[in-house]
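Colleague: Residue numbers (my numbering): 5 to 86. Just passing along the structure, written as structure tokens.
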């Protein structure tokens, strides 16, 4: 089983990109691997960590919660203007 505990440095680590993402002359976050696939920033360890946490949750009988807008919008705290 993969590790379930990671340091901050590990979770913030990005891949060694083969090429940066440049659009309209501006460098954007993330980059491209040697095979040309795009990889978002800070995914070098975060991706495997999320997979390990998901596996551990399911092994304990849990399931991921939907986090799409309809799920949380109805129960969001509403603040009335003064």
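All C-beta atoms, glycine included, are put in the ideal place defined by N, C-alpha and C.
Please state whether DSSP places residue 59 in a helix, a strand or coil.
Modeller: helix
Colleague: Once DSSP output is grouped into helix, strand and coil, what is the label at residue 121?
Modeller: Residue 121 cannot be examined here, being either before or after the span of the chain that is shown, 5 to 86.
Colleague: By the three-class DSSP mapping on this structure, what secondary structure does residue 69 have?
Modeller: Note: residue 69 maps to coil in three-state DSSP.
Colleague: Would you call the CB atoms of residue 15 and residue 50 closer than 7 Å?
Modeller: yes
Colleague: Between residue 17 and residue 48, how many whole angstroms is the CB-CB distance? I'm expecting something under 8 Å.
Modeller: So it is a contact: roughly 4 Å between Cβ atoms.
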